[in-house]
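Chains as they are written, first to last, in my numbering: chain A, 58 to 729; chain B, 2 to 843. Below is one structure, written out as structure tokens; the observations come after it.
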Amino acid sequence: MAQVVFSSWGRDIIDNRAGGEAKEASFRLPTTFDGERSMAAFMGWDGIILYSKDVDVPVMAAEYMKRVQTQYVCGKCTPGKKGTRVLMDALARIVSGEGKEADLATIEDVAELLKNCKCTLCPSSSVPVRDAVQHFRADFLAYIAGNRQPSGAFRFIDKYTAPCQDKCPAHIDIPAYIEAIKEYRFEESLAVVRDNMPLPSVCGRVCPHPCETACRRKNVDEPISIMVLKRSASDYEWQHEHHPPMQPKPRKSKTVAVVGAGPAGVAAAYYLALEGYPVTIYEALPEGYGGGMIAVGIPPYRQPRHLLQRDIDIVASMGVEIIYNTRVGKDISLPELKQKYDAVFLAPGAHRSKPMGVEGEDKGYKGFLKGGIDFLREAYMGRPTGMGKKVCVVGGGNTAIDCVRVALREGADESTLLYRRSRKEMPADVWEVDGADEEGVKFEFQVLPTRIIVDANDQITGVESVRMALGEPDASGRRRPEPIPGSEFVVECDTVIPAIGQDADLSFIPADLGIDITKWNTVVTKYVPLKDAAGKDLKDGMGNPLARTLITDLDGVFAGGDAEIGPLTVVACVGNAHRAAKVIGRWLEEGKAYLAEDELIEDILTYLPVYDKNEQVPWLDSAAREHQGEVHGKERASYKNYQEVELGFTNSQAVREAQRCLRCYRVAMIAL
Amino acid sequence: MVSLTIDGKNVTVPAGTTILDAAAQLGITIPTLCWLQKVSPTGACRVCAVEVEGVDRNMTACNTPVKEGIKVTTQSEALTAARKKIMELMLVNHPLDCPVCDAGGECGLQDACYELDAVRQDYSAVLERRPIRYDWSLLESDPNRCILCEKCVKVDHEIVGADAIAVVNRGEATIIDTVDGKPLNCEFCGNCIEACPTGTLISKPFKFRGRPWTFTVTKSVCGFCSTGCQIEYHSRNNRVERVTSSDTTYNNGNLCINGRFGYAYLNTPDRLTVPLVKEGGAQVSADWNRAMTGAVAKLKEIVAGAGPQAVAGIGSPRVTNEESYLFQKLLRDAIGTGNIDSEARLGYAQAQAVLQGIFGCTGASATIDRIDRAQAILVIGCDLNAESTGVEYRVIKAATKNDARLVLANMRNVKLKKYANAHLSYRPGAELALITGLMKAILDEGLENKEFIAAATSGFAALQGALASQQLASLAEAAGVSEASLREAARYLGKKKDVAVIFGADVIRGGGVETVKAVANLALLLGAPMAENGGIFPIEQKNNIQGMLDMGVAPDHLPGYRPAAAPGKDLWQIVAGIEQGTVKALYLLGCDPLATFPESDRIRKALARLDLLIVQDIATSELTGLAHVVFPGAAAAEKSGSFTTPDNRVQCLSRAVTPPGDAREDWDIIGELISRLTGAPHARSVAEVTVEMQEASGIYGGSCTLVDGRCSGLTKAMPAAPATYAFSAATVPAAPAVEPFTLIVGPIGFHNGSMSTRSANNLTVSPAGFVEVASADAARLGIVDGGSVRVTAANVSITGPAKVSSRIQAGTIFAPVHFRDLKASSLLPANATSVGVKVEKA
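The following block contains the structure:
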């Protein structure tokens with residue numbers, strides 16, 4: 058990759074225009090936009106990065122401000138609406154040869170005034186323009202003097218985003234839905250959510266909300282309660298008996314089959330159905346259990362069934378047929394689907410519990426349950442779980458926490474969680490762990506089960522465990538827990554539930570179809586080869602290639618969700634499946650599976666990323682984060698009490714919380 | 002409480018207070034432009050920017066809450082410069098048509114520029130002009146003048162709930178426009194005009210009627226519905242040219258179409274300007290002396306011949322308390338008959354007697370501002386938008402801003418539905434079954450207010466017993482709703498501290514006394530009377546029905562509700578008396594029974610039998626054509642006196658203009674008649690009548706004083722609440738008869754009574770009556786939107802254009818009550834708002 062010619066990104070000026078020894082700079086950007094076209098420049102809220110010296114900076118700045126003003130400025134504050142227009146017109150005057158030197162002063166003056174704006178879009182957009190005027194003044198003056206003509210050699214691609222929106226795997230337009238709530242427009246808010254999230258009641262409740270880790274309000278005090286606001290928008294609709302307003306486009310003739318009615322399957326089906334495609338979902342579980350892992354893996358005290366069902370029913374009402382009780386690979390084969398439909402989307406999820414690796418787990422002992430996810434499913438479906446009175450769950454993820462909490466509700470006298478690391482290191486969400494604590498779950502941290510203890514009838518009586526301590530840092534620098542010799546002890550119990558993870562059961566994919574599967578049991582899909590300066594492929598947080606088209610090696614077959622990403626979250630599956638739905642649409646219409654420019658720039662920005670935890674955000678921290686109501690006390694986990702624990706915001710509370718949002722929109726533009 | 006320093010002064014305010022409000026407490030004014038107290042802060046104009054020590058940017062005072070210990074600066078060189086530059090930006094390409102702009106002289110932008118010293122323009126941008134919306138009714142929008150303060154959009158959305166306008170487009174092209182770009186289609190309340198600080202949104206009828214400062218502004222009370230909104234008449238050359246209201250009023254400056262635009266009825270060419278007398282079968286103009294002499298002579302002749310009981314009078318909820326008082330004095334004292342009643346007999350009089358018996362109060366148990374903060378609200382048998390728009394605004398506020406749960410029980414899908422947590426769309430005539438079902442569900446779920454019931458009621462056990470023998474399922478079936486929906490509604494309403502029960506015409510007029518008792522029982526179950534924020538609120542469409550009853554315009558009681566020694570004939574007995582020939586003379590004061598009364602065909606025939614029909618009204622009509630004597634009276638803008646709302650607020654109206662031609666204020670006409678009949682001197686001023694009326698009623702008091710230019714100070718004494726509230730015996734509801742079609746007759750938001758159908762303004766958006774037919778029924782009957790429909794009940798038919806709609810249940814049709822041409826209520830039996838009918842394509 059070419060060296061950086063100039064950069065003001067992050068307020069560090071690197072200027073290699075004069076020649077001499079080049080100053081090094083590297084940014085988390087690919088060398089090409091799409092594996093082919095080189096990046097010439099990047100312009101956005103934090104400055105300018107020039108890779109090509111041929112980029113005409115005044116023209117780029119004028120184009121950037123024109124796009125900002127005419128496409129993105131909301132017009133809802135005076136400096137933003139008028140000031141960016143003054144900037145746009147001044148820049149346009151300059152590059153058309155009619156500018157004056159005073160225009161440069163006006164640009165600086167207005168850029169300063171834009172600090173008074175209501176939100177972040179206009180001030181952040183003035184940053185690279187100001188950089189351009191300051192650091193490329195000679196180029197501007199050349200235009201003003203009439204010594205220069207614009208060159209149209211570069212193509213510009215822009216993207217309107219925000220840190221939260223960027224971080225959300227489904228890329229929900231979070232500032233927009235929060236702004237709608239702030240304006241008491243809950244229906245509009247929900248419509249915005251649905252543009253990227255067809256399961257709002259779910260992701261308003263059980264989402265791990267990565268968005269909130271990228272909320273700029275966090276740089277002031279605490280992040281916005283983005284997830285609960287989504288719930289507020291979603292609850293408003295059913296609490297007011299409103300009918301969802303979506304109308305699918307006219308019915309198309311090409312058809313799509315989806316394997317699995319989980320978050321990915323349902324999301325892909327929803328967006329394809331809105332486009333008019335007849336979609337049929339094949340689901341192994343019986344009717345009433347649509348939702349995949351949400352239905353059978355998330356207990357009703359976190360996700361009320363009737364609301365999940367409502368979300369599923371709404372998706373179905375868009376023209377999606379869900380065929381229940383039908384396991385692909387058993388009741389109908391994948392080749393049959395392939396033959397019957399124009400496209401197939403594989404979203405079987407990851408429903409297979411992983412083994413624990415403890416002595417005795419394969420002996421068929423009474424009281425040793427198959428796995429956490431299986432236990433939750435049986436409990437949810439009202440079937441015997443095989444659980445006794447003293448339950449021991451092994452694991453540290455959300456599933457393990459769900460198991461200990463469900464065990465209480467299924468009548469366990471004691472519910473204990475064994476985890477080999479510390480509480481702080483648990484992958485489970487903090488609030489879930491706290492919830493379990495409040496309900497009386499016992500925790501044994503930093504212990505490793507070593508042996509299952511049984512009586513003469515092969516009935517479990519306990520788990521022998523050993524205490525763990527952190528050892529020396531390994532090659533990766535991470536201190537691994539190691540057993541403390543002689544610290545063995547026995548946790549008495551009659552039931553052991555291993556909940557240490559799950560993976561996909563892909564046995565329904567015949568080996569001869571040509572669909573490749575990774576060693577982690579995920580389906581391989583094609584991707585756009587984006588590489589960094591060192592030539593390495595860019596990867597997402599799960600280690601998958603960054604920009605995937607989600608088509609498998611078999612034409613017409615796509616894959617998504619946990620079985621493609623690896624076991625992750627509802628929101629990740631929804632985002633991934635929404636992307637798949639768009640690619641499937643292109644494939645059906647054009648015969649090509651590719652990523653649109655908007656999707657490529659979206660992925661590139663996510664890699665960058667948009668949020669900067671070190672940014673100083675000047676704001677008065679006088680409005681504290683609102684907290685939703687919650688049912689407290691052990692009674693909430695009494696026998697068969699699956700009443701929802703979290704109560705959401707009142708609407709006025711939601712509005713107050715929404716008023717805290719800084720609306721951190723910003724515009725990035727790439728020159729190719 | 003939070004303490005902070007503003008410009009070096011300490012202040013302590015409740016947490017959550019904005020810097021702007023905290024500064025106001027110190028008497029520090031921070032400039033604002035887009036801030037409007039009654040809606041959520043927008044933060045658009047940025048001129049309220051202040052400095053907070055330690056925060057590296059300006060914060061806007063209007064939407065920034067205070068924080069303990071902060072030091073705020075509201076005036077500095079930097080702030081002045083920033084505010085000035087922002088104003089300059091605001092003025093970039095602002096049109097310079099101030100000389101002919103409607104807002105000239107009352108423009109918030111002009112004021113702000115002047116105040117912030119924005120006297121020059123350093124910025125420029127390419128000029129783009131946006132088209133002016135001349136194609137809207139009643140309003141005109143010039144987006145070029147708009148400063149995007151969003152006040153209009155917020156008032157439209159947050160207060161009115163019409164959601165007709167929005168911020169559209171991006172960048173400099175951003176404007177306020179209709180949501181769909183089509184011509185404005187809303188309630189035409191014009192509250193957005195009032196909110197607009199510039200000449201962007203203007204009133205078409207007012208455009209070019211004069212410069213704002215050339216009008217005489219008279220603070221008065223609206224004479225349409227019974228919300229009792231405080232208004233300002235702007236008049237010039239003895240014509241009212243616009244009506245406004247201020248945000249500092251009881252109604253927060255919010256009006257409806259009638260309040261803001263209905264004034265055009267004052268200027269209708271149909272106004273009566275001279276007295277008329279019938280001579281040889283023809284009506285001729287007469288002077289007052291001739292008309293009065295004739296009327297008095299004829300009255301005396303009838304009294305002499307057939308006794309005073311041969312005379313009857315029907316009063317009006319449109320006239321003032323003073324006029325109502327004089328009217329009953331005329332009939333009772335000057336003529337000697339107790340035959341006096343009014344349209345309150347269609348339901349409100351009986352309903353209020355029931356409420357008085359149980360709650361001790363006349364009308365509502367509390368003032369309507371208590372609704373704002375109720376936790377749960379039931380609106381039953383009432384389209385608030387049409388019956389009392391101002392109360393609807395309060396319900397919307399409670400539901401949206403203050404987290405109230407709202408249950409709407411209405412046969413139709415009325416506007417409030419979108420705010421309702423539950424909509425009980427019951428079968429026509431099933432009000433009693435529905436209310437009984439709600440009570441049953443409340444008791445089943447144990448949601449009644451046990452504390453209140455135990456402490457302050459009697460007769461609960463009997464009610465409980467009566468309800469125990471009924472099945473929720475059968476009540477639900479009779480009401481035409483699901484059992485689950487009744488239980489859900491019960492959960493929304495039950496176990497709340499502050500409950501408001503609001504009921505309207507379908508209960509009051511349609512349901513009858515037993516239904517009103519059931520509503521009262523329901524309110525008692527919910528503890529509504531003891532609610533600090535809530536109560537029981539009967540809703541009436543016409544402004545002074547409460548004051549009229551207070552003044553004894555009723556056969557059974559005198560002013561102040563003292564019982565009449567010998568009750569006279571009520572409305573229907575008067576009609577029967579005319580039919581039987583025992584009533585020979587009838588005095589109709591501001592009352593046109595041919596326009597909107599049930600059984601109007603029967604009444605028309607009866608009127609023809611009278612020896613003397615005196616009609617005192619403001620405009621010509623079919624009715625005045627039948628009269629032997631016509632006295633031209635005055636409309637609300639043309640008189641002084643007082644009105645009383647159903648929630649017992651007594652408010653003075655002030656005369657803005659004089660009545661047209663020879664027309665006179667009604668108290669003056671009646672007063673002179675009394676004088677001519679009795680020889681007693683005629684009151685010289687309305688103030689004299691006020692004092693007399695206060696003494697006679699025993700419940701009115703106070704004296705008029707001007708507060709901020711508005712006359713106030715009159716009071717009405719409320720009786721103490723009873724020691725215990727008695728539950729009424731439960732009536733077992735019968736399932737309403739199944740009709741192939743049921744016609745529902747009621748008001749619509751665009752009109753009030755028949756008065757607004759004389760307003761050219763209202764008629765531009767709602768010109769004529771219609772028959773609303775459910776789409777499924779329309780398809781079945783071959784009726785198309787706009788096509789003609791005939792509706793027949795018994796032997797009366799009406800014909801009107803169809804409005805095919807999804808807002809009503811199949812099997813029901815709806816027709817607005819207001820239109821003389823449609824005569825929808827002529828199909829109704831005496832005390833009903835619905836009737837079984839035959840519907841066909843005409």
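Backbone N, C-alpha and C fix where the C-beta goes; we use that ideal spot for every residue, glycine too.
{"Asked": "If you draw a straight line from the C-alpha of ASN578/A to the C-alpha of ASP181/B, how long is it?", "Found": "50 Å"}
{"Asked": "Helix, strand or coil: which one does DSSP assign to GLN574/B?", "Found": "helix"}
{"Asked": "I'd like to check one pair, ALA811/B with ALA775/B: are the Cβ atoms closer than 8 Å?", "Found": "yes"}
{"Asked": "Using a Cβ-Cβ cut-off of 8 Å, state whether MET60/B counts as contacting chain A.", "Found": "yes"}
{"Asked": "Quick one: list the residues of chain E neighbouring GLY44/B, beta-carbon separation under 8 Å, in chain order.", "Found": "Absent from the structure: chain E. Protein chains present are A and B."}
{"Asked": "Once the 5 residues before and after PHE502/A are set aside, which same chain residues still bring their CB inside 6 Å of it?", "Found": "TYR476, SER479, ARG480"}
{"Asked": "Using a cut-off of 8 Å between C-beta atoms, extract the partners of ILE87/B located in chain A.", "Found": "THR135, PRO136, LEU170, ASN173"}
{"Asked": "Quick check: ALA457/A and ALA556/A, are their CB atoms within less than 8 Å of each other?", "Found": "yes"}
{"Asked": "Does MET58/A come out as helix, strand or coil in the three-state DSSP assignment?", "Found": "Annotation note: pLDDT 44 at MET58/A (below 50); position unreliable, no value reported."}
{"Asked": "Cβ closer than 8 Å: which chain A residues qualify as neighbours of ASN403/B?", "Found": "SER709"}
{"Asked": "For ALA833/B, which residues of its own chain have a beta-carbon under 6 Å away from its beta-carbon, when the five flanking residues on both sides are left out?", "Found": "GLY511"}
{"Asked": "Which residues, in order along the segment 176-202 of chain A, keep a beta-carbon less than 8 Å from a beta-carbon of chain B?", "Found": "none"}
{"Asked": "Check the DSSP bridge columns for TYR437/A and list the partner residues they point to.", "Found": "Its beta-bridge partners do not exist; DSSP assigns none."}
{"Asked": "Within a Cβ cutoff of 7 Å, which residues of the same chain sit near LEU117/B, ignoring the five residues on either side of it in sequence?", "Found": "PRO32, VAL48, ARG84, LYS85, MET88"}
{"Asked": "State buried or exposed for LYS175/A, treating a residue as buried only when at least 16 other CB atoms are found within 10 Å of its CB.", "Found": "buried"}
{"Asked": "Anything in chain B within Cβ reach of TYR241/A, meaning under 8 Å, just list it in chain order.", "Found": "SER41, HIS158, GLU159, THR401, LYS402"}
{"Asked": "Where does ARG536/A sit, in a helix, a strand or coil, going by DSSP?", "Found": "strand"}
{"Asked": "Using a Cβ cut-off of 8 Å (strictly closer), state whether HIS629/B contacts chain A.", "Found": "no"}
{"Asked": "With a cut-off of 8 Å, does the C-beta of PRO675/A fall near any C-beta of chain B?", "Found": "yes"}
{"Asked": "Would you list the residues sitting across from GLU141/B in a DSSP beta bridge?", "Found": "ILE203/B"}
{"Asked": "For CYS705/B, which residues in the same chain have their Cβ closer than 8 Å to its Cβ, ignoring the five residues on either side in sequence?", "Found": "CYS653, ALA688, THR691, CYS712, SER713, GLY714, LEU715"}
{"Asked": "Leaving out five residues on either side along the sequence, give the residues of the same chain with a beta carbon under 6 Å from the beta carbon of ASP373/B.", "Found": "ARG395, LYS398, ALA399"}
{"Asked": "Sorry if obvious, but does the Cβ on LEU523/B come closer than 7 Å to a heavy atom of the ligand COA?", "Found": "Of ligands this structure carries none, so the ligand COA is not represented either."}
{"Asked": "Between which two residues does the alpha helix (DSSP H) carrying GLY632/A extend?", "Found": "627-647"}
{"Asked": "Tell me which residues share the same chain as ILE133/B and place their Cβ nearer than 8 Å to its Cβ, disregarding the 5 neighbours each side in the sequence.", "Found": "GLU141, SER142, ASP143, PRO144, ASN145"}
{"Asked": "Return helix, strand or coil for PRO87/A, following the three-state DSSP convention.", "Found": "coil"}
{"Asked": "Which residues mark the beginning and the end of the alpha helix (DSSP H) in which GLN396/A is found?", "Found": "391-397"}
{"Asked": "Measuring only between beta-carbons, confirm whether GLY447/B sits less than 8 Å from chain A.", "Found": "no"}
{"Asked": "Which partner residues does SER760/B have in the DSSP bridge list?", "Found": "None, per the DSSP bridge assignment."}
{"Asked": "Taking the C-alpha atoms as reference points, what is the distance between LEU611/B and THR583/B?", "Found": "10 Å"}
{"Asked": "ARG74/A CB to nearest chain B CB: under 8 Å?", "Found": "no"}
{"Asked": "May I ask you to verify whether the segment 435-444 of chain A touches the segment 460-472 of chain A, counting CB pairs closer than 8 Å and requiring at least 3?", "Found": "yes"}
{"Asked": "For ASN64/B, which residues in chain A fall below 8 Å Cβ to Cβ?", "Found": "GLN716"}
{"Asked": "Would a C-beta distance cut-off of 8 Å place CYS226/B and GLU388/B closer than the cut-off?", "Found": "yes"}
{"Asked": "Would you call ASN276/A buried or exposed, if buried means 16 or more other Cβ atoms sit within 10 Å of its Cβ?", "Found": "buried"}
{"Asked": "Our contact map puts ILE784/B next to VAL797/B with C-beta atoms below 8 Å; I'd like the distance itself, whole angstroms only.", "Found": "In fact, because the Cβ distance is near 20 Å, the residues do not count as touching under 8 Å."}
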